[in-house]
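*Asks:* My questions all concern the structure below.
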Amino acid sequence: MIKYYTELHNFFGNNSPDELIHTYGSPLYVYNENILRQKCKEMKNLVSYPYFISSYSSKANSNIELLKIIRDEGLYADAMSPGEIYVLLKAGFKPQEIFYISNNVSKEEMSYAIENNITISIDSLSQLKTYGELNEGGEVAIRINPGIGAGHHKKVITAGENTKFGINMEDMGAVKTILKRYNLRLIGINHHIGSLFLDPTPYIEGAKSLLKFAENFPDLEFVDFGGGFGIPYNKQGGEKPLDIDELGDRLSSLIYSWVKDYGKEITFKTQPGRYIVAECGVLLGSVHSIKQNHITSYIGTDIGFNVLMRPVLYDAHHDIEIYRDGKIVPSNRDDKPVTIVGNICESGDILAYMRKLPTINIGDIIGVMDAGAYGYSMSSNYNNRLRPAEILIDKSGEPTLIRRRDTLDDLLRNFIL
Ligand SMILES: Cc1ncc(COP(=O)(O)O)c(C=O)c1O
């Protein structure tokens, strides 16, 4: 008997998916506070070394209410743009709790971070020069390309030979020259090798190579190993979670032995995004049509790729549950493969391809699991569709609206009419 994710975790609290859709509309992002807090704790306590900071990568989901919970759990935060910095400050993060990981940014964007006293990581020689011109005598971090990449899809591998990110290790002579010329103090180095690893080894190997490199700089205040901690998106297919105890133990012993040689107890950081928020989010939608087109059975829903882009962008798998009359419709042996599609005018608008699911009826509700990361944050108004509402199921199982659904007027908001 399959254990359904939302049943196992009492995901919807005191409500059925039907009631939530009835109250807040469809589609709808639903987050579960208990799961979010649990994931924060796991990442915060990853290693036993005392000077360790888990810094949430807010690009995964920047809903301000979720950010407040993440801060309440004691995490810091990473920003990838001035907009993310702005929202993080509004959520209550202090400037010293925010790390701006920049990539190809304008002088204005760098100045925004400097004026707000936010540490910035620079990822090219030319941008380091620009930073030096803007903030002579200041402090700075740099993003290294360690030459090792990892990830579930070529679009999420962010190190190695084929990526736009980071400064190559061979360019360190040039880095030192620029630091000297502008009297900059290098206080940190960071990297991010890629996203969604489920085996600890590539992360540990990446960390080793970053630490080896860090030996070149005797005055560092921190080393940041990046994010990418994976979650099992295919739980229904038996995919196993990342063994974070093993990862934590291996990382701890690496850090302790390195610190001994370095002679100084500096701070170590990580940048988890998806690991914190993916599993606390389920996207609900409605089935509006069913049709047979030649050999394919299409289930037509209101979950287009404007609402959840991951399947189209990364060929990503998300487990699916079906609900009817407030209950899960169980799978059985003669489930037939169906293709679940959205309502966007693009033939690539496919949420799940040839997935074996129980017989689906018009009016059923569909739940897309693990949708908390890179779900709403990548959503858009493509086809002039309205982005959905977001709700939070709190510790007592009650829902609260934490972002309202777009209105038609929102579509006109920036026009000069
Ligand atoms: C620099 C950096 N840090 C952190 C992350 C977060 O990755 P993840 O959500 O896989 O943990 C990313 C994602 O691409 C990134 O580029």
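Heads up, the working numbering is the position in the sequence shown plus 33, with the first residue counted as 1. Note that CB positions come from ideal geometry on N, CA and C, so glycine has one too.
Counting along the chain, where does the beta strand (DSSP E) carrying Ile155 start and finish?
*Replies:* Here the question's residue 155 lines up with position 122 in the sequence shown. From DSSP, the beta strand (DSSP E) with Ile155 extends over Thr152 to Ile155.
*Asks:* Which same chain residues, not among the five before or five after Ile153, have their C-beta less than 6 Å away from its C-beta?
*Replies:* Sequence index remark: in the sequence shown, residue 153 carries index 120 (1-based). Contacts found: Tyr133, Ser135 and Ala146.
*Asks:* Do the region 298-305 and the region 88-96 touch if we need at least three Cβ pairs shorter than 8 Å?
*Replies:* Verdict: yes, contact present.
*Asks:* Using only the heavy atoms of ligand 1, determine whether one of them is closer than 7 Å to the beta carbon of Ile175.
*Replies:* Within the sequence shown, numbered from 1, the residue matching residue 175 stands at position 142. False, no ligand heavy atom lies under 7 Å from that Cβ.
*Asks:* For ligand 1, is there a heavy atom less than 7 Å away from the beta-carbon of His225?
*Replies:* Taking the sequence shown and counting its residues from 1, one reaches residue 225 at position 192. The answer is yes for His225.
*Asks:* Flag Ser90 as yes when its Cβ comes closer than 7 Å to any non-hydrogen atom of ligand 1, and as no otherwise.
*Replies:* Walking along the sequence shown from the start, residue 90 turns up at place 57. Under cutoff, so the answer is yes.
*Asks:* Report the option in Pro235, Leu244 and Gly165 whose CA atom is closest to the CA atom of Met202.
*Replies:* In the sequence shown, the residue the question calls residue 202 occupies position 169. It is Leu244 whose Cα lies nearest to the Cα of Met202.
*Asks:* Return yes when the C-beta of Ala112 is under 7 Å from any heavy atom of ligand 1, and no when it is not.
*Replies:* As a position in the sequence shown, residue 112 is number 79, starting the count at 1. Because no heavy atom of ligand 1 lies under 7 Å away, the Cβ of Ala112 does not count as near it: no.
*Asks:* Identify whether Glu423 lies in helix, strand or coil by the three-state DSSP scheme.
*Replies:* For the purposes of this step, residue 423 is taken as residue 390 along the sequence shown, with counting starting at 1. Glu423: strand per DSSP, three-state reduction.
*Asks:* What does the alpha-carbon distance come out to for the pair Gly359 and Asp397?
*Replies:* The residue labelled residue 359 in the question sits at position 326 within the sequence shown. The residue labelled residue 397 in the question sits at position 364 within the sequence shown. In a straight line, the C-alpha of Gly359 is about 10 Å away from that of Asp397.
*Asks:* Compare the Cα-Cα distances from Leu61 to each of Leu445, Ala404, Ser429 and Leu450 and report the closest residue.
*Replies:* Along the sequence shown, one-based indexing puts residue 61 at 28. The shortest Cα separation from Leu61 among Leu445, Ala404, Ser429 and Leu450 belongs to Ala404.
*Asks:* Count Cβ pairs between the region 222-235 and the region 268-281 that sit closer than 8 Å; are there 3 or more?
*Replies:* Yes, since at least three Cβ pairs between the region 222-235 and the region 268-281 fall closer than 8 Å, the two stretches touch.
*Asks:* Roughly how many angstroms separate the alpha carbons of Arg343 and Tyr407, rounded to a whole number?
*Replies:* Position 310 of the sequence shown, counted from the start, is the residue given in the question as residue 343. Position 374 of the sequence shown, counted from the start, is the residue given in the question as residue 407. Whole-angstrom Cα-Cα distance: 7 Å.
*Asks:* Would Gly199 count as contacting chain C if we go by Cβ distances under 8 Å?
*Replies:* Absent from the structure is chain C; it holds one protein chain and no more.
*Asks:* What's the call for Thr329, buried or exposed, on a 16-neighbour Cβ count within 10 Å?
*Replies:* Numbered from 1 along the sequence shown, position 296 holds the residue referred to as residue 329. It counts as exposed.
*Asks:* Can you check the region 101-170 for any beta strand (DSSP E) of at least 3 residues that lies completely inside it and give the ranges in chain order?
*Replies:* Segments of the beta strand (DSSP E) lying fully in the region 101-170: 109-112, 131-134 and 152-155.
*Asks:* Skipping 5 residues on each side, what residues in its chain have a beta carbon closer than 8 Å to that of Ser285?
*Replies:* Here residue 285 corresponds to residue number 252 of the sequence shown, with the count starting at 1. Same-chain partners within the cutoff: Val80, Ser81 and Tyr82.
*Asks:* Select from Cys378, Val208, Asp204 and Val371 the residue whose C-alpha is nearest the C-alpha of Gly337.
*Replies:* As a first step, residue 337 is located in the sequence shown; it is residue number 304 there, counting from the start. Cα-wise, what sits closest to Gly337 is Cys378.
*Asks:* Examine ligand 1 and report whether any of its heavy atoms sits within less than 7 Å of the Cβ of Tyr295.
*Replies:* Within the sequence shown, numbered from 1, the residue matching residue 295 stands at position 262. No, ligand 1 has no heavy atom inside 7 Å of this Cβ.
*Asks:* Could you pull the start and end residues of the beta strand (DSSP E) that Ile355 belongs to?
*Replies:* In the sequence shown, the residue the question calls residue 355 occupies position 322. Unbroken beta strand (DSSP E) run through Ile355: Ile353 to Arg357.
*Asks:* Go through its chain and collect everything with a Cβ distance to Pro128's Cβ below 6 Å, but skip five positions before and after it.
*Replies:* Within the sequence shown, residue 128 is the residue found at index 95, counting from 1. Cβ neighbours of Pro128 beyond the five flanking positions: Asn149, Asn150 and Ile151.
*Asks:* What do you reckon, is the C-beta of Gln160 under 7 Å from a heavy atom of ligand 1?
*Replies:* Within the sequence shown, numbered from 1, the residue matching residue 160 stands at position 127. No, the Cβ of Gln160 stays beyond 7 Å of every heavy atom of ligand 1.
*Asks:* For Lys245, does the three-state DSSP call read helix, strand or coil?
*Replies:* Taking the sequence shown and counting its residues from 1, one reaches residue 245 at position 212. In the structure shown, Lys245 sits in a helix (DSSP, three-state: H, G or I).
*Asks:* Specify, as a first and last residue, the run of the beta strand (DSSP E) that Met387 falls within.
*Replies:* Residue mapping note: residue 387 aligns to position 354 of the sequence shown, counting from 1. Here the beta strand (DSSP E) through Met387 covers Ile383 to Leu390.
*Asks:* Specify whether the region 383-394 and the region 417-424 touch according to this definition: at least 3 beta carbon pairs, one from each stretch, less than 8 Å apart.
*Replies:* With the cut-off at 8 Å, the region 383-394 and the region 417-424 do not touch.
*Asks:* Let me check you understand the geometry: is the CB of Leu229 closer than 7 Å to at least one non-hydrogen atom of ligand 1?
*Replies:* Counting from 1 along the sequence shown, the entry for residue 229 is found at position 196. Result yes, Cβ under 7 Å from ligand 1.
*Asks:* Could you please give the first and the last residue of the uninterrupted beta strand (DSSP E) stretch that includes Gln71?
*Replies:* For this step, residue 71 is matched to residue 38 along the sequence shown. First-last for Gln71: Glu66 to Lys77, but that is the alpha helix (DSSP H), not the beta strand (DSSP E).
*Asks:* Short of 6 Å in beta carbon distance, which residues of its chain neighbour Ser413, apart from the five on each side in sequence? Order them along the chain.
*Replies:* Here residue 413 corresponds to residue number 380 of the sequence shown, with the count starting at 1. Excluding residues within five positions, the ones whose Cβ falls inside 6 Å are Asn339.
*Asks:* Does the beta-carbon of Glu40 have 16 or more other beta-carbons within 10 angstroms, so that it is buried, or is it exposed?
*Replies:* Counting from one through the sequence shown, the residue named residue 40 turns up at place 7. Classification for Glu40: exposed.
*Asks:* With a CB to CB cut of under 6 Å and the five nearest residues on each side skipped, what residues in its chain are close to Leu161?
*Replies:* The residue you call residue 161 lines up with position 128 of the sequence shown. So the qualifying residues of the chain are Ile155 and Ile211.
*Asks:* Could you check whether Lys101 and Ala124 sit closer than 8 Å to each other, using their CB atoms as the reference points?
*Replies:* Position 91 of the sequence shown holds residue 124. Position 68 of the sequence shown holds residue 101. Yes, the pair counts as a contact, with Cβ atoms nearer than the cut-off.
*Asks:* For Ala207 and Asn47, I'd like the C-alpha separation in whole angstroms.
*Replies:* By 1-based counting over the sequence shown, the position of residue 207 is 174. By 1-based counting over the sequence shown, the position of residue 47 is 14. For Ala207 and Asn47, the distance between alpha carbons rounds to 59 Å.
*Asks:* I need the boundaries of the alpha helix (DSSP H) containing His482, first residue and last residue.
*Replies:* What the structure shows of the chain is the stretch from 34 to 450, and residue 482 is not part of that stretch, so it cannot be assessed.
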